[in-house]
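**Student:** If you read the protein sequences in the order shown, they are chains A and B. Note that the numbering used here has the first sequence beginning at 952, numbered continuously upward. Note that the numbering used here has the second sequence beginning at 10, numbered continuously upward. Quick one: this structure, given as structure tokens, is what I'll be asking you about.
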Amino acid sequence: MGKAAIAVLMACSFLTATAQTQKESPPPAPKVKTGDIAPDFTLVDQNGQPHSLHDYKGKKNVAIAFFVWSFSPN
Amino acid sequence: MRSFQENIAKLEAADTQVLGVSMDSPFANKAFADQNGVTFPLLSDIGGKVIQDYGLYKEYDKFNIKIPAARRATYVIDTNGKVSEMQVDAEAVDPTKVVTFCAARKAKG
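In structure tokens form, the structure reads like this:
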């Protein structure tokens, strides 16, 4: 195999690797991080009852579970 | 959300309120809660404002259209309103770590 062929192969594998890296680049980190004050909100539940994050301040921890869709796996 | 429901007793024992948040309508959430025995609030962020505030907004390609929704994420907010633990995407699917974290916080006092 000639040097030119090797160079072409190397270029191809490099380009493929670059393309894969771009495709699989990790999604951006969320705005809100550990240690931040959690942005407050008021939203209604499945029965139309409002819930605010500040309702729980000084009382309970809150686990906010963001989910994609109700009728989706997990 | 079913995985959180399975752990709801442990989370309540750890003084932790679970709030589900998505861009579903309250009607979809009601149907889902009824069908799956979900007892905690499933909150409806229809316009996605809260999801954008947290930086979790994403457009999913489904059926050749883009459907806006939240990324999967779990945030534990302490009694001072601060984020004390967070998990995003695949790691947020299993709530075991969150249960352990909240139980440990309670044990610490």
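Every residue, glycine too, gets a C-beta built ideally from N, C-alpha and C.
Since threonine 25 of chain B sits in a beta bridge, which residues does DSSP pair it with?
**Tutor:** Taking the second sequence and counting its residues from 1, the one referred to as residue 25 of chain B is at position 16. BP columns for threonine 25 of chain B point to A:Asn1012.
**Student:** Is the beta carbon of isoleucine 60 of chain B sitting closer than 9 Å to the one on phenylalanine 1017 of chain A?
**Tutor:** Locating residue 60 of chain B in the second sequence gives position 51, where the first residue counts as 1. Locating residue 1017 of chain A in the first sequence gives position 66, where the first residue counts as 1. Contact flag set, yes.
**Student:** How many whole angstroms separate the CB atoms of valine 107 of chain B and arginine 80 of chain B, which I take to be in contact at a CB cut-off of 8 Å?
**Tutor:** Locating residue 107 of chain B in the second sequence gives position 98, where the first residue counts as 1. Locating residue 80 of chain B in the second sequence gives position 71, where the first residue counts as 1. The pair is not a contact, with the Cβ atoms about 16 Å apart (cut-off 8 Å).
**Student:** Give a yes or no on whether 9 Å exceeds the smallest Cβ distance from glutamate 100 of chain B to chain A.
**Tutor:** The count along the second sequence starts at 1 and reaches residue 100 of chain B at position 91. No - not a single Cβ of chain A is within 9 Å of the one on glutamate 100 of chain B.
**Student:** Would you call the region 81–94 of chain B in contact with the region 1002–1016 of chain A, where contact means no fewer than 3 C-beta pairs closer than 8 Å?
**Tutor:** yes
**Student:** Anything in the region 68–84 of chain B with a Cβ closer than 8 Å to a Cβ of chain A? List those residues in chain order, please.
**Tutor:** Tyr69, Ala78, Ala79, Arg80, Arg81, Ala82, Thr83, Tyr84
**Student:** Report yes if the C-beta distance between alanine 22 of chain B and lysine 115 of chain B is below 9 Å; otherwise report no.
**Tutor:** Along the second sequence, one-based indexing puts residue 22 of chain B at 13. Along the second sequence, one-based indexing puts residue 115 of chain B at 106. For alanine 22 of chain B and lysine 115 of chain B, yes; Cβs fall inside 9 Å.
**Student:** Grab the span of the alpha helix (DSSP H) containing alanine 40 of chain B for me, first residue to last.
**Tutor:** Reading the second sequence from its first residue, position 31 is the one you call residue 40 of chain B. It spans 35–45 - the alpha helix (DSSP H) in which alanine 40 of chain B sits, taken as one unbroken run.
**Student:** Residues in the same chain with beta-carbon distance under 7 Å from valine 983 of chain A, minus the five sequence neighbours each way, listed in chain order, please.
**Tutor:** Working through the first sequence from its first residue, we reach residue 983 of chain A at position 32. Excluding sequence neighbours, valine 983 of chain A sits near Ala989, Pro990.
**Student:** Thinking valine 3 of chain B and phenylalanine 41 of chain B are a contact (beta carbons under 8 Å), I'd like their distance in whole angstroms, please.
**Tutor:** No answer is possible for residue 3 of chain B: the residues shown for chain B start at 10 and end at 118.
**Student:** Please report whether the beta-carbon of asparagine 1025 of chain A lies at a distance below 9 Å from any beta-carbon of chain B.
**Tutor:** Residue 1025 of chain A sits at position 74 when you count from the first residue of the first sequence. Note that asparagine 1025 of chain A has pLDDT 46, beneath the 50 cutoff, so the model's placement of it is unreliable and the number below is only indicative. By this cut-off, asparagine 1025 of chain A is an interface position.
**Student:** By the 10 Å Cβ neighbour count, where 16 or more other Cβ atoms means buried, how is phenylalanine 992 of chain A classified, buried or exposed?
**Tutor:** By one-based count along the first sequence, residue 992 of chain A stands at place 41. It counts as buried.
**Student:** Counting only beta-carbon atoms, is glycine 64 of chain B nearer than 9 Å to chain A?
**Tutor:** On the second sequence, residue 64 of chain B is found 55 positions in, with the first residue counted as 1. Yes, glycine 64 of chain B counts as interfacial toward chain A.
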